[in-house]
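The structure appears below as structure tokens.
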Amino acid sequence: MGEQQKSNTDLSQREYPVPERMENQRRAWRLERISLVVLIGIVLLALTGVFSSGPLSSARAASANGRLEVEYERFERLGSSSRLHITLRGEANQPARLRLGGDLLAAHDLQSMQPPLPARSWQGGMELQGQLDERGELHLYLALLATRAGLLSHRLEYAGEQLPLRQFVYP
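Following the UniProt record's numbering, the numbering of the sequence shown begins with 1 at its first residue and continues without gaps.
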């Protein structure tokens, strides 16, 4: 019974030695717990890749016939670099034309392209010309720098197939 009285006394308002308002203290404790849960949630989201690279951000898209495949990040940050890995498939040693359009080049600076391929302007985008290898594949690696924030829609075209992609760039 003495313990119960002590706990009630501990939670009651006091004036001596320092004025305490336990109702305000309870609100502060509640705010601390809520803030801790929010902070842990943000850390978990960051670890899973919602704010940049990670399991939730890494994506792979392919055309219906499987001849065009892209690995990219769904989430990027403005001013940070990202990579696209594009795989083209077809008949061995045949020429290949890849078209990049939509917001891809309008909202990104192309920092590097491996292997370097001849390019020309195409409907506000770019057409790349290469050749498939002896296995009938061409792997293209693009390093991009995001220059515009928001939801972006990209379009890739190869062998009559269109592949739409969506990315979100954080400010």
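Idealized CB from N, CA, C, for every residue including glycine. Values in this document were obtained by computation on a predicted structure and should not be read as measured data.
query: Would DSSP call G101 helix, strand or coil?
result: Strand, per DSSP.
Taking all protein chains shown into account, do 16 or more other C-beta atoms lie within 10 angstroms of the C-beta of H108, making it buried, or fewer, making it exposed?
With 16 or more Cβ atoms within 10 Å of its Cβ, H108 is classed as buried.
Q. How big is the Cα-Cα spacing for V38 and W29?
A. Using only the alpha carbons, I get a separation of about 14 Å.
**Item:** Stretch pair the segment 139-149 + the segment 75-88: three plus CB contacts closer than 8 Å
**Value:** The answer is yes - the segment 75-88 touches the segment 139-149, with three or more Cβ pairs under 8 Å.
Please look up how many angstroms separate the CB atoms of L165 and A61, rounded, as I've assumed it's under 8 Å.
Between A61 and L165 the Cβ distance is about 6 Å, and since that is below 8 Å, they are a contact.
N- and C-terminal bounds of the alpha helix (DSSP H) containing A46 = It spans 22-48 - the alpha helix (DSSP H) in which A46 sits, taken as one unbroken run.
Discussion item. Could you check whether R74 and S57 sit closer than 7 Å to each other, using their CB atoms as the reference points?
Written reply: Note that the C-beta distance between S57 and R74 is below 7 Å.
| said: Measuring only the C-alpha atoms, how far is G136 from V50? | reply: In a straight line, the C-alpha of G136 is about 35 Å away from that of V50.
**Study point:** A62, DSSP secondary structure in three states
**Key:** Strand.
**Neighbourhood of Y170 by C-beta distance below 6 Å, restricted to the same chain and skipping five residues each side** = If we look at Y170 and ignore the five residues flanking it on each side, its Cβ neighbours are R77.
Checklist line | Assigned secondary structure, A149 (DSSP; H/G/I helix, E/B strand, else coil) | finding: DSSP, read as helix, strand or coil, puts A149 in coil.
May I ask you to list the residues that DSSP assigns as paired with R83? Under DSSP, the beta-bridge partners assigned to R83 are A143.
Item to check | N-terminal and C-terminal residue of the beta strand (DSSP E) that S53 is part of | outcome: Per DSSP, S53 lies in no beta strand (DSSP E) segment and is marked neither H nor E.
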